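Below is one structure, written out as structure tokens; the observations come after it.
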Amino acid sequence: MSELWQAEKGSRLLLMGNDAIARGAMEAGVSVAAGYPGTPSSEIIENLARAAQDRNIYVEWSVNEKVALEVAAAASFAGLRSMAVMKQVGMNVAADFLLHLTQYGTRGGLVLVSCEDPGALSSTNEGESRFYTKMMEFPLLEPGDFQEAKDMAKWAFQLSEEIRNLVMLRSVTRLSHSSGNVVMGDLPQVKARARFRHQGGLLDTMGGPIINLPGTVHFLRQKQQEKLRKAAQIFDTSPFNTYTGPERPELLVITSSTCTLYSKEAVHLLGVQDRVGILKLGTTWPLPKGLIEEYLAMTDKVLIVEEVLPFMEDNVLALATTLVPRIGAKTFFGKHDGSIPTMHELNPDIVVAALCRILNVTCGTVPEAYVRRATEIAPAGAPARALTFCPGCPHRASFWSIHNALELDNRKGFVCGDIGCYSLAAGPSGFETLRTLHSMGSGTGLASGFGRQVQFGLDQPIFAVCGDSTFYHAVMPALVNAIHNKADITLIVLDNSGTAMTGFQAHPGLKVNAIGEDVPAVDIPEICAAMGAKVKICDPFDLDETRKTLLDMIEEEGVKVVVLRQICALSPEKKGAKAYKMAVNETVCLGENCGCNRLCTRIFKCPGLIWDEKKKVAMIDEVICAGCGVCASICPSGAIERKEAA
Amino acid sequence: MRAFGPMELLEDVHQKNLCVGCGACVDLCPYFRIHKGKTAMLFPCDLSQGRCYAYCPKAEVDLDALAEQSWGKAYEGDAVGRYLSVFKAQAGKAAPGGQFQAGGTVSSLIAFSLDQGIIDAAALTDREDLVPIARLVTQSQEVATCASSKYTAAPTLAALNRAVQEGYTKIGVVGTPCQVTAVAQMRANPLDQEDFFDPVALVVGLFCTWALETRGLTALLSKRLEVRKIRKMDIPPPPADILVIETEDGSIEISLAEIRPLIPHGCTVCPDMTAEWADISVGILEGDAQWNTLIVRTERGADLVEKARKSGWLVTDAMPQKNLEHLQFAAKNKKKRALTAALEADLVNSIERSCLRINTRAMERIMAGEKE
Chain A
75 MSELWQAEKG SRLLLMGNDA IARGAMEAGV SVAAGYPGTP SSEIIENLAR
125 AAQDRNIYVE WSVNEKVALE VAAAASFAGL RSMAVMKQVG MNVAADFLLH
175 LTQYGTRGGL VLVSCEDPGA LSSTNEGESR FYTKMMEFPL LEPGDFQEAK
225 DMAKWAFQLS EEIRNLVMLR SVTRLSHSSG NVVMGDLPQV KARARFRHQG
275 GLLDTMGGPI INLPGTVHFL RQKQQEKLRK AAQIFDTSPF NTYTGPERPE
325 LLVITSSTCT LYSKEAVHLL GVQDRVGILK LGTTWPLPKG LIEEYLAMTD
375 KVLIVEEVLP FMEDNVLALA TTLVPRIGAK TFFGKHDGSI PTMHELNPDI
425 VVAALCRILN VTCGTVPEAY VRRATEIAPA GAPARALTFC PGCPHRASFW
475 SIHNALELDN RKGFVCGDIG CYSLAAGPSG FETLRTLHSM GSGTGLASGF
525 GRQVQFGLDQ PIFAVCGDST FYHAVMPALV NAIHNKADIT LIVLDNSGTA
575 MTGFQAHPGL KVNAIGEDVP AVDIPEICAA MGAKVKICDP FDLDETRKTL
625 LDMIEEEGVK VVVLRQICAL SPEKKGAKAY KMAVNETVCL GENCGCNRLC
675 TRIFKCPGLI WDEKKKVAMI DEVICAGCGV CASICPSGAI ERKEAA
Chain C
2 MRAFGPMELL EDVHQKNLCV GCGACVDLCP YFRIHKGKTA MLFPCDLSQG
52 RCYAYCPKAE VDLDALAEQS WGKAYEGDAV GRYLSVFKAQ AGKAAPGGQF
102 QAGGTVSSLI AFSLDQGIID AAALTDREDL VPIARLVTQS QEVATCASSK
152 YTAAPTLAAL NRAVQEGYTK IGVVGTPCQV TAVAQMRANP LDQEDFFDPV
202 ALVVGLFCTW ALETRGLTAL LSKRLEVRKI RKMDIPPPPA DILVIETEDG
252 SIEISLAEIR PLIPHGCTVC PDMTAEWADI SVGILEGDAQ WNTLIVRTER
302 GADLVEKARK SGWLVTDAMP QKNLEHLQFA AKNKKKRALT AALEADLVNS
352 IERSCLRINT RAMERIMAGE KE
């Protein structure tokens, strides 16, 4: 396969939604792209970073989503086409700047891509950022398939320049992370030149200073709403809004995004193509009012199919109310009557069920023979697997010591958790160590708050954890807060040298950036020490030293930072190399006669350690053992032996 | 004696706040550890029987079984337990000097036992600031470093567990009544192990009314003095009602009313003041700071005392009758107080699992405060 940024016009590639969005941006001649990694969004920036040199794009992993949007906005202000990329939770981080950005408007085309996670498959919530577009008055595009992901990404830049405001392109996991055929468009020769024009008057939005002031708010708001009305007009004739179905459908399904595919499949499965029409909207805010009126007029019943909250549904309902004198009252189905759930992902079955109820039809059941055969082939289904840290993961070792330090301390101390692989420490693989878990950086903020409750009798030791990337993203302000306000806490930075959970994207602690440039690494211990914290650095694989350090830090007053530094077991830097060759000495392992009660495989539970049911001793699964050597320190009998790997 | 598992130990002792941090369950396995005088269970362990439970002096202590094992008869609730003889005692001239509590009897006897090979290691209690540390000592010269009272509940038996693991076969233990009770339970082979071997060659019990919780005492004393500078602590006999702390900068008195809240709850249900299951028990001698009270309980205790006396490591003299009566009175009071508290908390002779088991006759005798 030719590279994404080299594929010729007319060629057909099997692309993930995120690949398609990146290609669309390149076809639009994007010059600057910035983002913060987060599933399911990360591949867009990664693709653009790979193309950066060939396509003369500046691509960065920014410190957080707000800064990413600011970096992209600066490019727009200088007349460049730019893109900011994030997942739904990052939208909230960017939202403060977004409010001001969209009030003033943009110059070069600026597209904000939010890849969202209905069902929270890879998130701690299923967030909904479509509402920002209504609240902050800018247009929203929602591609319904892979081709549209590319085409709409490209068109979004054009739209942004037509209305001179930011355009949001929203994807969801099933679009971003599944693949479909996409026909390539033209890759233009871009001769981008950046120049920030700021010498015009205060109200010269294309040549003056870009400033939001109380005195200009009224003027800017008027302009912003004009832009939105213009977008609505454009949307009325947009080719991304399509209708398939009979001229007078008994039921009109209005849908968008991947729900388009679910709706199409449901109608097909039930064979009700002659009764049901599907109006698929690619432009979901502002609504294409004329278009919607036209299709509402054709029917009496409407089902709105969308994921998570009733965003489109409420907007259509509000619009339909104003249309009653012209087209009459319609019966609406969707979230409000319970036809469509207000949480989780949708799928064709859910839409089938809704259609069956509304149309009073039954769907054909699965043939009994098929069910029998399916049960025979997969009797127990997929084997149950617990969520766990990878073999050799430094977090397992870190949380072993954190857990043990808090248990030893014996004052019901607790850990405020944060967002990363280490969020798993809320469960058994991290010995159920985390006791709060919210958004990025909030662990340290909460700890800062708990740390000032001594006057109300709180006498429990307080730990916060964060990863290295999270530290830069949102922990620093919370840490400053804790130090300045004399909170009594210990922050443990689990530094595994990369944004590991989302695929080792660069962050400010590394010496290389997203596009392979040499950059200065910003040192976490130095930052913390400069802020005024007591700082210690430990290797989490040294369990005794780590536990001892944590126990010492508990006794100290004020803000302490322990940096547990050990590279991620999956890091490309490690290249799968094992530091140690591990083996269980079967003559030393006491098996079930050991008072340890299978500490290694029952509690420590590294997937590389398994229990030999026949011999009743522990053994190493050499295929998956990462050779970190930590389990040798766990075994009370010294039966797990480690030798320096050759 | 009935042994259950670690989860029952957690339920019966830790959750009822009865743990006194004696160290009996510590370092036997990867689960129970001690830190700053408190025992912690690091991870759940679901074994149905464990030495942790079997040794614990706050779980299933069957006084009849212990009396049968140690004295060959039922438990009768005597104020200071069974004994062969009582003396007043102090370190002899042959004993190395050191900073003792009172007469230095314990340090002298332990050093002598190590010196003579009567024991090959001793589980003693040291302290770092106010944190009690279990110390395994194998040289008689090292004994002095562990001399003098700590008053904080100490995990001494962790050192005994360590000594067993390291293969010592003639171990001496110096412990408080709870620790001596745990040692007696260890020696009974409670899990019926086939290869069981009693590694304890000498048990020296210390008189104890109660101990203090380390973290709380540290916090309290830190307000008055520099904990690092503490040289010695002493609680003079009633009616003084004070804790005297000697520091490098002079001595400070703290009223017992102030430190009583720091007594672990587990101490309040302990019926033993004089370490009744020891070979010998030692405490202060009221009214004479230069001497100890020495209770000799077993033949091997008597042998040791005899040898030490002959070698000039120990000096003994007749115990004044009045002192013995006082001691019996105090010990009897402790028994009655503890039993009352234990009965109120439903910790005695419970059907399923009980903190303490005692026969009705002995219980009635204690509760009646019967004169001996």
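Protein sequences, first through last, are from chains A and C.
Add 74 to the 1-based position in the first sequence for the numbering used here, that's all there is to it.
Add 1 to the 1-based position in the second sequence for the numbering used here, that's all there is to it.
Using N, Cα and C, we set each Cβ at its ideal position, and we do this for glycine too.
As the structure is a prediction and not an experimental result, all values here were calculated from the model.
According to DSSP, residues forming a beta bridge with residue i
{"i": "residue 127/C", "result": "134/C"}
{"i": "residue 134/A", "result": "108/A"}
{"i": "residue 490/A", "result": "510/A and 538/A"}
{"i": "residue 349/C", "result": "357/C"}
{"i": "residue 293/C", "result": "90/C and 285/C"}
{"i": "residue 635/A", "result": "565/A and 609/A"}
{"i": "residue 252/C", "result": "247/C"}
{"i": "residue 389/A", "result": "DSSP output for residue 389/A lists no bridge partner at all."}
{"i": "residue 317/A", "result": "353/A"}
{"i": "residue 407/A", "result": "377/A"}
{"i": "residue 122/C", "result": "172/C"}
{"i": "residue 257/A", "result": "86/A"}
Same chain only: Cβ atoms within 7 angstroms of residue i, ignoring 5 sequence neighbours per side
{"i": "residue 325/C", "result": "87"}
{"i": "residue 45/C", "result": "8"}
{"i": "residue 606/A", "result": "557"}
{"i": "residue 397/A", "result": "367 and 370"}
Beta-carbon neighbours of residue i, restricted to chain A and to distances below 7 angstroms
{"i": "residue 41/C", "result": "481, 482 and 484"}
{"i": "residue 29/C", "result": "669"}
{"i": "residue 48/C", "result": "671"}
Chain-order list of residues whose beta-carbon lies under 8 angstroms from that of residue i (same chain, five-residue window excluded)
{"i": "residue 533/A", "result": "485"}
{"i": "residue 132/C", "result": "37, 38, 153, 215 and 219"}
Collapsed DSSP secondary structure at residue i in the structure displayed
{"i": "residue 331/A", "result": "coil"}
{"i": "residue 273/A", "result": "coil"}
{"i": "residue 585/A", "result": "coil"}
{"i": "residue 187/C", "result": "helix"}
{"i": "residue 269/C", "result": "helix"}
{"i": "residue 4/C", "result": "coil"}
{"i": "residue 533/A", "result": "coil"}
{"i": "residue 724/A", "result": "Outside the displayed span of chain A (75 to 720) sits residue 724/A, for which this structure offers no information."}
{"i": "residue 298/A", "result": "helix"}
beta-carbon residue i near the ligand PLP non-hydrogen atom, thresh 8 angstroms
{"i": "residue 357/C", "result": "The ligand PLP is not part of the structure shown, which contains no ligands of any sort."}
Chain C residues whose Cβ lies nearer than 7 angstroms to that of residue i
{"i": "residue 478/A", "result": "43"}
{"i": "residue 677/A", "result": "44"}
Contact set between residue i and chain C, taken where Cβ atoms lie within less than 9 angstroms
{"i": "residue 582/A", "result": "Those within 9 angstroms of residue 582/A in chain C number zero; the least Cβ separation is about 36 angstroms."}
Check whether residue i and residue j have beta carbons under 9 angstroms apart
{"i": "residue 167/A", "j": "residue 140/A", "result": "yes"}
{"i": "residue 149/A", "j": "residue 106/A", "result": "yes"}
{"i": "residue 203/C", "j": "residue 264/C", "result": "no"}
{"i": "residue 131/A", "j": "residue 125/A", "result": "yes"}
{"i": "residue 665/A", "j": "residue 697/A", "result": "no"}
{"i": "residue 189/C", "j": "residue 24/C", "result": "no"}
{"i": "residue 266/A", "j": "residue 153/A", "result": "yes"}
{"i": "residue 245/A", "j": "residue 92/A", "result": "yes"}
{"i": "residue 144/C", "j": "residue 157/C", "result": "no"}
{"i": "residue 522/A", "j": "residue 548/A", "result": "no"}
Chain C contact residues for residue i, given Cβ-Cβ distances below 8 angstroms
{"i": "residue 589/A", "result": "Ordered by position in chain C, no residue passes the 8 angstroms Cβ test against residue 589/A, which lies about 46 angstroms from the chain."}
{"i": "residue 710/A", "result": "30 and 31"}
Under 8 angstroms from the C-beta of residue i: neighbouring residues of chain A
{"i": "residue 36/C", "result": "482, 483, 484 and 625"}
Cβ-based neighbour list, residue i, same chain, cut-off 6 angstroms, excluding 5 preceding and 5 following
{"i": "residue 448/A", "result": "none"}
{"i": "residue 678/A", "result": "708"}
{"i": "residue 122/C", "result": "137, 139, 164, 169 and 172"}
{"i": "residue 185/C", "result": "67 and 278"}
{"i": "residue 468/A", "result": "570, 614 and 640"}
{"i": "residue 503/A", "result": "462 and 463"}
C-beta neighbour in chain E for residue i, strict 9 angstroms
{"i": "residue 367/C", "result": "No chain E appears in this structure, whose protein chains are A and C."}
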